[in-house]
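Residue numbers (this note's numbering): 16 to 347. Structure, as structure tokens:
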DNA sequence: CGATTGTA
DNA sequence: TACAATCGG
């Protein structure tokens with residue numbers, strides 16, 4: 016959804032093991048949206064408990080977080096606060112797209128067009144306050160920290176990465192954190208594996224990658240402000256960008272110092288360069304609240320007891336490991 | 001997505 | 001054991 020910089024930013028594949036012992040600030044909504052989009056039944060429906068409450072996001076958050084902890088990676092989830100005024104138009108447009116996709120999905124379902132139903136229903140990703148609240152509750156019971164950002168999660172995550180030596184990188188699929196000044200962005204932070212493409216006999220590799228801001232800027236021959244200008248030219252969550260200008264020509268414009276010719280309001284830059292963030296953040300990992308976690312997942316949400324039992328062992332081991340690392344950090 | 005089960 | 005198929009909630 017954010018700034019599309021993939022065509023001009025070089026990606027370096029990394030071993031997930033390289034993140035061992037490091038904390039990463041994770042854009043929580045970014046992760047949860049992906050779970051909601053991807054964790055589906057074959058008919059396109061989300062996972063639900065018997066009362067119809069969605070559980071796809073909880074399943075994804077639970078199992079993925081355990082995998083990160085087992086690798087010695089310490090995820091700190093960052094939640095969005097109040098969006099900047101400039102983003103409200105974008106959010107309203109997204110809502111309109113969702114409303115229209117919902118109608119198309121219902122129609123496809125009624126007419127029995129299975130593939131269209133899957134396609135359109137994936138575009139109808141609505142997060143209720145309840146779903147956000149229960150994802151935080153799950154993290155709390157697991158002993159994994161989360162932080163409520165004053166405004167944009169990516170801004171707060173980037174700020175923490177800049178300020179706290181424990182936080183090695185921001186984890187997100189979007190490139191916005193680079194504009195917010197995150198020293199390192201990591202994408203595809205998940206278990207590496209082959210995944211079969213739907214229908215076809217083709218496999219796509221999911222490989223974690225890291226982007227070091229300083230290296231990316233050096234390769235482009237610009238500074239961070241220049242990167243923000245590129246974003247504003249091609250479009251961000253705060254503005255539409257200039258029609259017909261993609262990343263490549265935007266880079267040329269910025270390098271030729273012709274950004275001012277495009278009449279983009281200067282104050283939009285400040286949303287990235289002086290974002291609304293909090294300096295008073297702290298986080299720590301705790302041992303899981305096992306009984307409450309069983310109760311939440313198995314009794315309330317009908318997760319299989321056996322599955323959760325198996326996962327619980329891995330969670331405890333993982334949390335013990337990262338908790339040791341947390342105490343080790345006190346020495347630095 | 002990640003976990004589990006099925007198959008050779 | 002290795003990988004494809006399909007559950008899970």
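A virtual CB, placed ideally from N, CA and C, is assigned to each residue, including glycine.
query: Quick check: the Cα distance between residue 4 and residue 148, rounded to an integer number of angstroms?; result: Because the chain spans 16 through 347 in this model, residue 4 falls outside it and cannot be assessed.
query: Could you tell me if residue 305 is buried or exposed, where buried requires 16 or more neighbouring beta carbons within 10 angstroms of its beta carbon?; result: exposed
query: Return helix, strand or coil for residue 161, following the three-state DSSP convention.; result: strand
query: DSSP has residue 40 in a bridge; who is on the other side?; result: 91 and 185
query: What's the gap between the Cα of residue 283 and the Cα of residue 253?; result: 7 angstroms
query: Decide if the stretch 78–95 is in contact with the stretch 227–242; the criterion is three or more beta carbon pairs, one per stretch, under 8 angstroms apart.; result: no
query: Secondary structure at residue 140, three-state DSSP: helix, strand or coil?; result: coil
query: If we ignore side chains and look at the alpha-carbon of each, how far apart do residue 94 and residue 61 end up?; result: 22 angstroms
query: Classify residue 72: buried if its beta carbon has 16 or more other beta carbons within 10 angstroms, exposed otherwise.; result: buried
query: I believe residue 29 touches residue 198 by the beta-carbon criterion, under 8 angstroms. Please report the beta-carbon distance rounded to the nearest angstrom.; result: Not a contact, Cβ separation roughly 15 angstroms.
query: Give the range of the beta strand (DSSP E) segment to which residue 199 is assigned.; result: 199–202
query: If you count every other CB in all the chains shown that lies within 10 Å of the CB of residue 42, and 16 or more means buried, which is it?; result: buried
query: By Cβ distance, which residues of its chain are closer than 6 angstroms to residue 288, with the 5 residues on each side in sequence left out?; result: none
query: Classify residue 221: buried if its beta carbon has 16 or more other beta carbons within 10 angstroms, exposed otherwise.; result: exposed
query: Could you pull out every residue in the same chain whose Cβ sits closer than 6 angstroms to the Cβ of residue 337, ignoring the five residues on either side in sequence?; result: 84, 89 and 300
query: Using 10 angstroms around the beta-carbon of residue 259, count the other beta-carbons present and answer buried if the total reaches 16, otherwise exposed.; result: exposed
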